[in-house]
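J.:
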Amino acid sequence: MHQATVLPAVAVAAAVKPGWVGDKRAIVNSPANITDPLVLFMPSGKRGRFPVGTPVLDAARQLGVYVESVCGGRATCGRCQIEVQEGNFAKHKIVSSNDHISPKGPKEDRYERVRGLPERRRLSCSAQILGDLVIDVPQDTVINAQTIRKDADTRVIARDTAIRMCYVEIEEPDMHKPLGDLDRLKIALMKDWGFKNLEFDFYLLPQVQGILRKGNWTATAAIHKDADSDIARVIALWPGLKNEAYGLACDIGSTTIAMHLVSLLSGRVAASSGTSNPQIRFGEDLMSRVSYVMMNPDGREGMTVAVREAISSLVDKVCAEGNVQRNDILDSVFVGNPIMHHLFLGIDPTELGGAPFALAVSGAVRIKASDIGLKLNQGARLYMLPCIAGHVGADAAAVTLSEGPHRQDEMMLIVDVGTNAEIVLGNRTRVVAASSPTGPAFEGAEISGGQRAAPGAIERVRIDPETLEPKYRVIGSELWSDEPGFLDSVQATGVTGICGSGIIEIVAEMYLAGIISEDGVVDGSLAARSPRVVANGRTFSYVLKEGEPKITITQTDVRAIQLAKAALYAGTKLLMEKQNTEHVDRIHFAGAFGSFIDPKYAMVLGLIPDCDLDKVSAVGNAAGAGARMALLNRGYRREIEETVSQIEKIETALEPKFQEHFVYAMALPNKVDPFPKLSAAVKLPPRKTVSEDGVAGDAAPRRRSREGHAARRSRE
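Okay, so the sequence shown: first residue is 501 according to this note's numbering, each after it adds one.
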């Protein structure tokens, strides 16, 4: 393939700067005196230099400009149409002309004669670059736009799907050539597309003759070839030209399931949807679901049916939103933690309930979608990314693929906060991974006023350190509670509780305001100063909201958050020790919940280690992004399979230092680890020790005993 030289605007201007001949200005970018013409695509604005003779379609693909092509460059589908914009484009220092593109050849002439071609339109697969050009990609040809993964460098996901749509014209039957229709179809696919030794899904055999005759001896075959070593297989067949092919990328979370419907021809996300995981009714967290399976003979089957039905309903939703037929879905990629992975596949997860946390299968899974009863195209395939370890699953593998710690020099920490937090730490030299049992506190469970994120839930909190008065924001309103119009803005939902991000913020704010000590004890002496601090038995609580419902943060709530954050930090600390590093360069919060965590408050709480705050970011549903990458490019499947085989897995439950790190991490932000970068950005309060009953004094011995017990309970 001809290679492009991609130029920034300044370099382009310099490269095509006109020269002077005597008194007259001479244009130096005509075909006669240029060997590497400059091509500018509009409306994307992408540009680059290409050798004379480069097909316009090849140039577009090298620059990441989306121009659709289904027929493999044989000028039969007509989807790759472009227009040459003529004139002197002074801003870009380009003189563009139809003389700078090759004349129409036999293929384009045939297409125009048979199917028609609008005036000034060319087929980019046949037209070649002869000189500088400004090329417009008409919007009516761009049925599907590019998929761009939102990352630091907004990379385009290059497409190399496991599915290829191949249009062919088949030689009609001949009395003198006694070949079957299927055999002549194979010959056409080998001649036009280079596929040898093709195999066919059995269900197609009775349909081949009818399809070929209906298409007047033309057909489009969907050919599946995942790895280069695989035998190519025809999994679907249509009469004539078929211009649509879709895939699913699905992240099965413990709490929610997220699905994307993606065009395999362009990478465009046609539709997205999500739903609660119905397995919640069997157990709030992962271990409770394993326990349910162990205690109920039909427990595994019940949870498998539940999650598959939810996924089938999501398929209906995305198909309706994207105006797509189920029969047009040919490939799918699923990710999930190990227990979700096993239950989705119909595998008993009991072995994951205790050491050595054995997986039934750890490598990538390749099956037909129909094998698990998923009704898509009859030949549709299903791919599941490999699991990293017994409690670090295919979802963590997808996050790793998406964020790419193994592709860079910086030490990157990736944290997916959930009931079972998954942690990945590494760079191109080495990657380690672990899981840590944080429990459901960050999702609102085990918190007196806690709830899942929904309209009406408090998601942001600030406390005035002088008056100890709070203000808050709720989901569904942009106003703070002390702003005019707030009550009107929440009239439809009310203020119903506090969700995970709000819980993190209020505990951190209580610490910054001096309401709780470094050890997490509510200071009862402040009751004389503020009516917000109230007695609650032998301990004290903080009243966030008066009225109905009254929302109070109790000592037990604070302790639940301490236990959760200490488990996560201890797991991270173990990985840092394995990497022999005392710092991380960058931290990424993955998952839907991570998108709503304020990095400052996460660090004040001691949820994550010290780091420059501007190097801490939320990457959203990175597992879903990784699933899309694996759906759109076979190379990413090979990359993550190889990467997972090299990731070192750390079982926190078997590590003797976990308890020590856990005890230290119970403090805010940490008992022993310094946070110099955080301290430079946030004024942390002076150390204040408060006893369990809220009275100032030294209660360290008592706390060590209780925290040691908590650490042991967290590891169980």
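Idealized CB from N, CA, C, for every residue including glycine.
Could you have a look at aspartate 751 and say whether DSSP puts it in helix, strand or coil?
T.: DSSP places aspartate 751 in strand when its eight states are reduced to three.
J.: Going by the beta-carbon positions, is the gap between glutamate 922 and glycine 893 smaller than 9 Å?
T.: Going by C-beta atoms, glutamate 922 is nearer than 9 Å to glycine 893.
J.: Measure the alpha-carbon distance for lysine 650 versus alanine 658 and round it to whole angstroms.
T.: Here the model assigns lysine 650 a pLDDT of 30, short of 50, so the residue's position is not dependable, and the following value carries that caveat. Near 14 Å, if we compare the C-alpha coordinates of alanine 658 and lysine 650.
J.: The beta strand (DSSP E) spanning lysine 1149 covers which residue range?
T.: From DSSP, the beta strand (DSSP E) with lysine 1149 extends over 1148 to 1150.
J.: At 4 residues or longer, and completely inside the stretch 992 to 1049: list those alpha helix (DSSP H) runs for me, N to C.
T.: Within the stretch 992 to 1049, the complete alpha helix (DSSP H) runs of at least 4 residues are 1000 to 1012.
J.: Taking buried to mean at least 16 other C-beta atoms within 10 Å of its own C-beta, is glutamine 1146 buried or exposed?
T.: Counting Cβ neighbours within 10 Å, glutamine 1146 comes out exposed, since fewer than 16 surround it.
J.: Name the two residues that bound the continuous alpha helix (DSSP H) containing lysine 1065.
T.: 1055 to 1078 is the extent of the alpha helix (DSSP H) around lysine 1065.
J.: How far does the beta strand (DSSP E) with valine 818 in it reach, from first residue to last?
T.: Run containing valine 818: none in the beta strand (DSSP E); it sits in the alpha helix (DSSP H), 799 to 822.
J.: Which of helix, strand or coil does DSSP assign to methionine 794?
T.: DSSP places methionine 794 in helix when its eight states are reduced to three.
J.: Does tryptophan 738 come out as helix, strand or coil in the three-state DSSP assignment?
T.: The answer is strand: DSSP assigns tryptophan 738 an E or B state.
J.: Rounded to whole angstroms, how far is the Cβ of glycine 753 from the Cβ of glycine 836, which I believe are closer than 8 Å?
T.: Indeed, because the Cβ distance is near 7 Å, the residues count as touching under 8 Å.
J.: Grab me the residues of aspartate 726's own chain with a C-beta within less than 8 Å of its C-beta, minus the 5 sequence neighbours each way, in chain order.
T.: Once the five neighbours on either side are set aside, the close Cβ partners of aspartate 726 are Ala662, Arg866, Arg881, Tyr883, Arg1134 and Arg1137.
J.: Taking C-alpha atoms, which residue in Ile1097, Ala896, His1161 and Asp828 lies nearest to glutamine 878?
T.: Looking at the Cα atoms, Asp828 is the closest of the given residues.
J.: Excluding the 5 residues preceding and the 5 following alanine 532 in the sequence, name in chain order all residues of the same chain whose CB lies nearer than 7 Å to its CB.
T.: Residue placement at alanine 532 is poorly supported in this model, since its pLDDT is 49, which falls under 50; the coordinates still yield a value, given next. Same-chain partners within the cutoff: there are none.
J.: Taking only runs that begin and end inside the stretch 672 to 737, name each unbroken beta strand (DSSP E) of 3 or more residues, in chain order.
T.: Counting only runs of 3 or more, we get 718 to 724.
J.: Would you say leucine 1063 and serine 936 are within 9 Å of each other, going by their C-beta atoms?
T.: No, the Cβ-Cβ distance between leucine 1063 and serine 936 is not below 9 Å.
J.: Under three-state DSSP, which class holds histidine 1083?
T.: Note: histidine 1083 maps to coil in three-state DSSP.
J.: Can you check the stretch 1129 to 1164 for any beta strand (DSSP E) of at least 3 residues that lies completely inside it and give the ranges in chain order?
T.: Those beta strand (DSSP E) runs which fall completely within the stretch 1129 to 1164 and span 3+ residues are 1148 to 1150.
J.: Between the alpha carbons of tyrosine 746 and cysteine 819, how many angstroms are there, rounded?
T.: Approximately 10 Å, taken between the alpha carbons.
J.: Between the beta-carbon of threonine 535 and the beta-carbon of proline 551, is there less than 9 Å?
T.: Contact flag set, yes.
J.: How long is the line joining the alpha carbons of threonine 938 and valine 995, rounded to whole angstroms?
T.: Taking the straight line from one Cα to the other gives about 27 Å.
J.: Got a sec? Which residues, its chain only, sit under 6 Å from methionine 803 by beta carbon, not counting five neighbours each side?
T.: Only Gln779, Phe782 and Leu843 meet the Cβ criterion.
J.: Report, in whole angstroms, the separation of the C-beta atoms of threonine 718 and glycine 694, which I expect to be a contact under 8 Å.
T.: Threonine 718 to glycine 694, Cβ: 19 Å. No contact.
J.: Express the C-alpha separation of glycine 1106 and phenylalanine 1158 in angstroms, rounding to a whole number.
T.: Their Cα atoms are separated by approximately 16 Å.
J.: Can you give me the start and stop residues for the alpha helix (DSSP H) that arginine 613 sits inside?
T.: 606 to 615 is the span of the alpha helix (DSSP H), which, as asked, contains arginine 613.
J.: Helix, strand or coil for asparagine 644, going by three-state DSSP, please let me know.
T.: Caution is warranted here: a pLDDT of 37 is assigned to asparagine 644, below 50, making its placement in the model unreliable, and the coordinate value is therefore given only provisionally. Of the three classes helix, strand and coil, the one that applies to asparagine 644 here is coil, per DSSP.
J.: Go ahead and pull the three-state DSSP assignment for aspartate 1098.
T.: In this structure, aspartate 1098 counts as coil in the three-state DSSP scheme.
J.: Taking the alpha-carbon positions, what's the isoleucine 975 to phenylalanine 1093 distance?
T.: Each residue's alpha carbon lies about 13 Å from the other.
J.: What are the boundary residues of the beta strand (DSSP E) that alanine 1118 is part of?
T.: First-last of the beta strand (DSSP E) with alanine 1118: 1116 to 1118.
J.: When you compare only the Cα positions, how much space is there between glutamate 959 and isoleucine 1003?
T.: Taking the straight line from one Cα to the other gives about 8 Å.
J.: What separation, rounded to the nearest whole angstrom, lies between the Cα atoms of glutamate 586 and aspartate 636?
T.: Roughly 10 Å separates the two Cα atoms.
J.: Compare the C-alpha of aspartate 895 against each of Ser776, Ala1123, Glu1155 and Lys1171 and name the closest.
T.: Cα-wise, what sits closest to aspartate 895 is Ala1123.
J.: Thinking isoleucine 998 and glycine 950 are a contact (beta carbons under 8 Å), I'd like their distance in whole angstroms, please.
T.: The Cβ separation is near 6 Å, so the contact holds.
J.: So valine 1084 and leucine 814 are in contact, right, with Cβ under 8 Å, and what is the actual spacing, rounded?
T.: In fact, because the Cβ distance is near 35 Å, the residues do not count as touching under 8 Å.
J.: Would you report the Cα separation of isoleucine 1051 and valine 1144, rounded to the nearest angstrom?
T.: Near 44 Å, if we compare the C-alpha coordinates of valine 1144 and isoleucine 1051.
J.: Taking the C-alpha atoms as reference points, what is the distance between aspartate 785 and lysine 714?
T.: Their backbone Cα atoms lie some 53 Å apart in a straight line.
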